[in-house]
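Have a look at the structure below before the remarks.
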Amino acid sequence: MRGIEKMPDIRELRLLDGCVTLGRLAVAGVADLTVDNVLEVMDAHDIAEALVHSNEARLVHPRSHGNERLLRDVAGLDRLHPVWALSPPARPDPSAAAGIVDEMISAGVRVARLMMGHVPPLHWIWKDLCEALEARRVPCLLDFAPLGPPATSYPGESLMIDKLRDICLAHPDLPMILS
16 MRGIEKMPDI RELRLLDGCV TLGRLAVAGV ADLTVDNVLE VMDAHDIAEA
66 LVHSNEARLV HPRSHGNERL LRDVAGLDRL HPVWALSPPA RPDPSAAAGI
116 VDEMISAGVR VARLMMGHVP PLHWIWKDLC EALEARRVPC LLDFAPLGPP
166 ATSYPGESLM IDKLRDICLA HPDLPMILS
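Under this note's numbering, the first residue of the sequence shown is numbered 16, with each subsequent residue one higher.
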């Protein structure tokens, strides 16, 4: 009869939170999410590390302002790993998309958050950016949060699932994670 192994302590697991938002929230009465209060919550729940993105980059154009602020906010903090919020270039342009990814990688960012709730998941729109990310094997969190308040129903929802599937099939070497 095999003995039952002791369950590890939760701190031994080195938990990773895959979705932490920093910055101001558009909800009255909720405190801004700062590096200090995020680290405090992580410590309280024995979370070792986190992937963090900027709410400003998610909601405000140009996204680069929020992404740059995120880098400043997490500089020197080994537990917080920056994730850039990205949208495709305004027009199809492989060199512009490659430039975005090169800038991200040069800044030390290794994960992207694709804002598909703001820009519909149509392959012709996302193709260049996905190709640039795929070439570097950048893991991508797919963010479907809408810009405005969520609608109770969207008639094209099932069609968008098919369009997302098209993107995934067209980029088999691009790690994509539903977020």
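Don't be surprised by glycine CBs; every beta carbon is placed ideally from N, CA and C. Nothing here was measured: the structure is a model prediction, and the numbers come from that model.
Roughly how many angstroms lie between the CA atoms of residue i and residue j, to the nearest whole one?
i: residue 109; j: residue 24; result: 48 Å
i: residue 58; j: residue 31; result: 12 Å
i: residue 216; j: residue 192; result: Limits of the chain in this structure are 16 at one end and 194 at the other, which puts residue 216 out of reach.
i: residue 46; j: residue 74; result: 17 Å
i: residue 187; j: residue 178; result: 15 Å
In terms of residues, what are the limits of the beta strand (DSSP E) holding residue i?
i: residue 128; result: 126 to 130
i: residue 117; result: Looking at the DSSP string, residue 117 is not in any beta strand (DSSP E); the run it does join, the alpha helix (DSSP H), is 109 to 121.
i: residue 193; result: 191 to 193
i: residue 35; result: 30 to 37
i: residue 98; result: 95 to 101
By the 10 Å Cβ neighbour count, where 16 or more other Cβ atoms means buried, how is residue i classified, buried or exposed?
i: residue 180; result: exposed
i: residue 147; result: buried
i: residue 27; result: exposed
i: residue 72; result: buried
Might you give, ordered along the chain, the residues of its own chain that have their beta carbon closer than 7 Å to the beta carbon of residue i, omitting 5 neighbours on each side?
i: residue 134; result: 102, 103 and 140
i: residue 143; result: 103, 104, 107, 108, 109 and 112
Give the range of the alpha helix (DSSP H) segment to which residue i is assigned.
i: residue 56; result: 50 to 59
i: residue 62; result: Counting along the chain, residue 62 falls outside any alpha helix (DSSP H), though it belongs to the beta strand (DSSP E) covering 62 to 69.
i: residue 186; result: Note, residue 186: premise wrong, no alpha helix (DSSP H); not H, not E.
Using a Cβ-Cβ cutoff of less than 6 Å, which residues in the same chain neighbour residue i once the five nearest sequence positions on both sides are dropped?
i: residue 128; result: 68, 98, 100, 156 and 158
Can you tell me whether residue i sits near the ligand ADP, meaning its C-beta is under 8 Å from at least one heavy atom of the ligand?
i: residue 85; result: In the structure on display, the ligand ADP does not appear, and there are no ligands present to speak of.
Can at least three beta-carbon pairs, one atom from the stretch 110 to 121 and one from the stretch 84 to 94, be found at a separation below 8 Å? Contact between the stretch 110 to 121 and the stretch 84 to 94 is absent, because fewer than three Cβ pairs lie under 8 Å.
Please determine if the stretch 71 to 84 and the stretch 38 to 50 are in contact, where contact requires at least 3 C-beta pairs separated by less than 8 Å. Output reads yes: the stretch 38 to 50 touches the stretch 71 to 84.
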